[in-house]
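Peer 1: Residue 335 in full-length UniProt numbering sits at position 335 of the sequence shown, and the numbers go up by one each step.
Every residue gets a Cβ at the ideal spot worked out from N, C-alpha and C, and that includes glycine.
Sharing a structure here in structure tokens format.
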Amino acid sequence: MNLDIREQLDPLFETMGLLYVSSNREQHKEQTILELDKFGIDGEAFYNKNLKIIDKYIQAFQKHQITGDSDRLFFTDETYFSVLLALLCENANWLTELDKVSEDRIREALLQVLISEHSEQHGSAVEGAHLNVRSLDEIISFLEGCPFEEGVKWKLMSLLQQPRKHMLALVSTVSRNLPAFEQASKEIEKPLGKLIPKLVQSIHKNGDERFLKLVELFSRSSTLHPALIMPLGQVMYASQCYCGLYVGLLPISGNHMADSKEYLLMRLKALADNSKLQILSSLKASPKYNLEIAEQLGLSAATVSHHMNVLLASGMVGIDKKNSKVHYHLETDNIRLLIDELERYLL
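Okay, here's the thing in structure tokens:
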């Protein structure tokens, strides 16, 4: 795998993330703790022990942040923000060269991001003809097939109609806040100087095999960045990938901690959830893609994606990609290992 591992934070990704978190600070912290709880971890205790650096990072950024009228449009809705984040991270040169990029090229890049999201949810590729969406009727028709809530679709429709106008505003917001990121990163420079080399060393040693396999599966000639604003997350775009600096502390499949008692408890908690158990039962019959599972179980695609994140982290589910189709499958060997582990503990 051709993987370029960077040893510094990506200013674009971090600034975008800081702008989003600053607009949703309390909700974001509460959601982080809640997600940790769902992994079988005492979320509040974990946050207070390991993630106080994030509070300091955000506070330092906010001291220098320059707010604007467009902040509410770009940084309050998580789904819409995620689309913008993917779009700009994959086209980082727009920060300095947007004036050289045609409106059609901006629209095409946005459509590629949306098609990628569509493919992930539906398990199939969308025809390339959709990159030629231009008229309002074509935009509406395209968005009808996208797995987003109506409020997000309205924002995307406006973005597709006037991509240059919106991207100019977004790029302006990010650019004027890059110095705020630089100041914030200086204030946590000492711990950052230890965290990044530790992550890079772990990656070189295949410390998170699950994530590296997914990078190899879904990305091409990727650049991998350490991430602080997303300390426990992992994100993969077509050419840019991001790994949180604290992912190694989670008891998830592929980590050095994955043989711990916490990892066992996380898997048992996943099995105790009815929806996750139904998903595993469905995958026992045959591999399936996200929307197929959602329709079978009467769940939203977003809910299935959330459950899948936990099941993937627990090692009970894996991903295959064939002919541009993304399928989930049961990791039967890992489930047998779980049964063996329970026997050792209890019998």
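If I measure Cβ to Cβ from Ala86 and keep anything under 7 Å in the same chain, skipping five residues before and after, which residues do I get?
Peer 2: Taking the sequence shown and counting its residues from 1, the one referred to as residue 86 is at position 86. Counting only Cβ-Cβ distances below 7 Å, and skipping sequence neighbours, we find Val113, Tyr237.
Peer 1: How about Tyr20 and Phe81: do their beta carbons lie closer than 7 Å?
Peer 2: Looking up residue 20 in the sequence shown gives position 20. Looking up residue 81 in the sequence shown gives position 81. In contact: Tyr20 and Phe81 (Cβ atoms closer than 7 Å).
Peer 1: In terms of residues, what are the limits of the beta strand (DSSP E) holding Gln234?
Peer 2: As a first step, residue 234 must be located in the sequence shown, where it is residue number 234. Gln234 -> beta strand (DSSP E) spans 234 to 236.
Peer 1: Determine the closest residue to Lys321 out of Tyr345, Leu214, Phe46, with distance taken between C-alpha atoms.
Peer 2: In the sequence shown, residue 321 corresponds to position 321, counting from 1. Minimum Cα distance to Lys321 is reached at Leu214.
Peer 1: Can you find at least 3 beta carbon pairs, one from the region 48 to 67 and one from the region 145 to 160, that sit closer than 8 Å?
Peer 2: Flag = no, the region 48 to 67 and the region 145 to 160 do not touch.
Peer 1: Closest by CA to residue 358, which one among Gln240, Ser239, Leu245, Thr223?
Peer 2: The question about residue 358 has no answer, for the chain in this structure spans 1 to 347.
Peer 1: Where Asn48 and Lys29 are concerned, what is the direct C-alpha to C-alpha distance, given to the nearest angstrom?
Peer 2: In the sequence shown, counting from the first residue as 1, residue 48 sits at position 48. In the sequence shown, counting from the first residue as 1, residue 29 sits at position 29. Straight-line Cα distance between these residues: approximately 11 Å.
Peer 1: Taking the alpha carbon of Lys284 as the reference point, which residue from Gly193, His327, Arg72 has its own alpha carbon closest?
Peer 2: Stepping through the sequence shown from its first residue, residue 284 is reached at position 284. Cα-wise, what sits closest to Lys284 is His327.
Peer 1: Per the DSSP calculation, Tyr242 is bridged to which residue(s)?
Peer 2: The sequence position of residue 242 within the sequence shown is 242, counting from 1. In the DSSP output, where bridge partners are listed per residue, Tyr242 has His225, Val235.
Peer 1: Is Leu51 helix, strand or coil when you go by DSSP?
Peer 2: On the sequence shown, residue 51 is found 51 positions in, with the first residue counted as 1. DSSP places Leu51 in coil when its eight states are reduced to three.
Peer 1: Quick one: Cα of Pro191 to Cα of Asn50, how far?
Peer 2: By one-based count along the sequence shown, residue 191 stands at place 191. By one-based count along the sequence shown, residue 50 stands at place 50. So the alpha carbons of these two residues sit roughly 12 Å apart.
Peer 1: Leaving out five residues on either side along the sequence, give the residues of the same chain with a beta carbon under 6 Å from the beta carbon of Glu44.
Peer 2: Translated into positions along the sequence shown, residue 44 becomes position 44. Closer than 6 Å at Cβ, skipping near neighbours: Ile33.
Peer 1: Measure from the alpha carbon of residue 348 to the alpha carbon of each residue in Glu262, His64, Leu98, Lys269, then state which is nearest.
Peer 2: Residue 348 cannot be examined here, being either before or after the span of the chain that is shown, 1 to 347.
Peer 1: Report the rounded CA-to-CA distance for Leu297 versus Asp273, giving the unit in angstroms.
Peer 2: For the purposes of this step, residue 297 is taken as the residue at position 297 of the sequence shown. For the purposes of this step, residue 273 is taken as the residue at position 273 of the sequence shown. Near 14 Å, if we compare the C-alpha coordinates of Asp273 and Leu297.
Peer 1: Name the one or two DSSP bridge partners that Val310 has.
Peer 2: One-based indexing of the sequence shown puts residue 310 at position 310. Bridge partners of Val310: none, in fact.
Peer 1: Compute the distance between the beta-carbons of Thr76 and Val174, then report whether it is under 7 Å.
Peer 2: Along the sequence shown, read from residue 1 onward, the residue named residue 76 stands at position 76. Along the sequence shown, read from residue 1 onward, the residue named residue 174 stands at position 174. Not closer than 7 Å, so no.
Peer 1: Just to confirm the assignment, what range does the beta strand (DSSP E) spanning Tyr289 have?
Peer 2: As a working mapping, residue 289 is identified with position 289 in the sequence shown. Where Tyr289 is concerned, there is no enclosing beta strand (DSSP E), given that its DSSP letter is neither H nor E.
Peer 1: For a quick check, are the C-beta atoms of Ser70 and Ala169 less than 7 Å apart?
Peer 2: Residue numbering aside, residue 70 sits at position 70 when the sequence shown is read from its first letter. Residue numbering aside, residue 169 sits at position 169 when the sequence shown is read from its first letter. Yes, the pair counts as a contact, with Cβ atoms nearer than the cut-off.
Peer 1: Assuming Phe148 and Thr79 make a contact with CB atoms under 8 Å, what is their CB distance in whole Å?
Peer 2: Working through the sequence shown from its first residue, we reach residue 148 at position 148. Working through the sequence shown from its first residue, we reach residue 79 at position 79. So it is a contact: roughly 6 Å between Cβ atoms.
Peer 1: Tell me Tyr328's beta-bridge partners as DSSP assigns them.
Peer 2: Against the sequence shown, residue 328 aligns to sequence position 328. Looking at the DSSP assignment, Tyr328 forms a beta bridge with Lys288, Ile319.
Peer 1: Quick one: what does DSSP say Ile140 is sitting in, helix, strand or coil?
Peer 2: Counting from one through the sequence shown, the residue named residue 140 turns up at place 140. Ile140: helix per DSSP, three-state reduction.
Peer 1: Around the Cβ of Ile41, are there at least 16 other Cβ atoms within 10 angstroms (buried) or fewer (exposed)?
Peer 2: For the purposes of this step, residue 41 is identified with residue 41 of the sequence shown, where counting begins at 1. By the neighbour-count rule (16 or more Cβ atoms within 10 Å), Ile41 is buried.
Peer 1: Let's see if you can read the secondary structure: which residues bound the alpha helix (DSSP H) around Asn177?
Peer 2: Indexing the sequence shown from 1 puts residue 177 at position 177. Here the alpha helix (DSSP H) through Asn177 covers 163 to 187.
Peer 1: Tell me whether the beta-carbon of Ala301 lies closer than 7 Å to the beta-carbon of Asn290.
Peer 2: Here residue 301 refers to the residue found at position 301 of the sequence shown. Here residue 290 refers to the residue found at position 290 of the sequence shown. The answer is yes: Cβ separation under 7 Å.
Peer 1: So is Tyr242 in contact with chain C if we call contact Cβ pairs under 7 Å?
Peer 2: Reference to chain C is not applicable here, since this structure consists of a single protein chain.
Peer 1: Measure the alpha-carbon distance for Gln8 versus Pro231 and round it to whole angstroms.
Peer 2: Residue 8 sits at position 8 when you count from the first residue of the sequence shown. Residue 231 sits at position 231 when you count from the first residue of the sequence shown. Whole-angstrom Cα-Cα distance: 14 Å.
Peer 1: Less than 7 Å between the beta carbons of residue 350 and Asn334, yes or no?
Peer 2: The structure shown does not extend to residue 350, since the chain spans only 1 to 347, so no value can be given for it.
Peer 1: Quick check: the Cα distance between Glu343 and Arg25, rounded to an integer number of angstroms?
Peer 2: On the sequence shown, residue 343 is found 343 positions in, with the first residue counted as 1. On the sequence shown, residue 25 is found 25 positions in, with the first residue counted as 1. Spanning the two alpha carbons is a distance of roughly 43 Å.
Peer 1: Would you check if the distance between the CB atom of Ala180 and the CB atom of Gln65 is smaller than 7 Å?
Peer 2: If you number the sequence shown from 1, residue 180 lands on position 180. If you number the sequence shown from 1, residue 65 lands on position 65. A contact, by the Cβ cut-off of 7 Å.
Peer 1: Grouping DSSP H, G and I as helix and E and B as strand, with all else coil, what is Asp104?
Peer 2: In the sequence shown, counting from the first residue as 1, residue 104 sits at position 104. In the structure shown, Asp104 sits in a helix (DSSP, three-state: H, G or I).
Peer 1: So Arg267 and Ser314 are supposed to be a Cβ contact under 8 Å. How far apart are they, rounded?
Peer 2: Indexing the sequence shown from 1 puts residue 267 at position 267. Indexing the sequence shown from 1 puts residue 314 at position 314. Confirmed, Cβ separation roughly 5 Å.
Peer 1: Out of Lys56, Phe74, Val171, Glu189, which has the shortest C-alpha to C-alpha gap to Ala92?
Peer 2: For this step, residue 92 is matched to residue 92 along the sequence shown. Among Lys56, Phe74, Val171, Glu189, the Cα nearest to that of Ala92 is on Val171.
Peer 1: Between the Cα of Ala109 and those of Val235, Asp55, Met167, Glu150, spot the shortest distance and give me the residue it belongs to.
Peer 2: Residue mapping note: residue 109 aligns to position 109 of the sequence shown, counting from 1. If we check each option's Cα against that of Ala109, Met167 comes out closest.
Peer 1: Enumerate in chain order the residues of its own chain whose CB-to-CB distance from Ser282 is below 8 Å, with the five nearest sequence positions on each side excluded.
Peer 2: What you label residue 282 is simply residue 282 of the sequence shown in a count that begins at 1. The residues are Lys288, Ile293, Gln296, Leu297.
Peer 1: Measuring only the C-alpha atoms, how far is Ser124 from Ile319?
Peer 2: Counting from one through the sequence shown, the residue named residue 124 turns up at place 124. Counting from one through the sequence shown, the residue named residue 319 turns up at place 319. For Ser124, the pLDDT reaches just 49, beneath the cut-off of 50, and the residue's location in the model is therefore unreliable, although a value from the coordinates is still provided. Cα-Cα distance, rounded: 14 Å.
Peer 1: Quick one: using the 10 Å Cβ neighbour count with 16 as the cut-off for buried, is Gln31 buried or exposed?
Peer 2: Here residue 31 refers to the residue found at position 31 when the sequence shown is read from its first residue. Under this definition Gln31 is an exposed residue.
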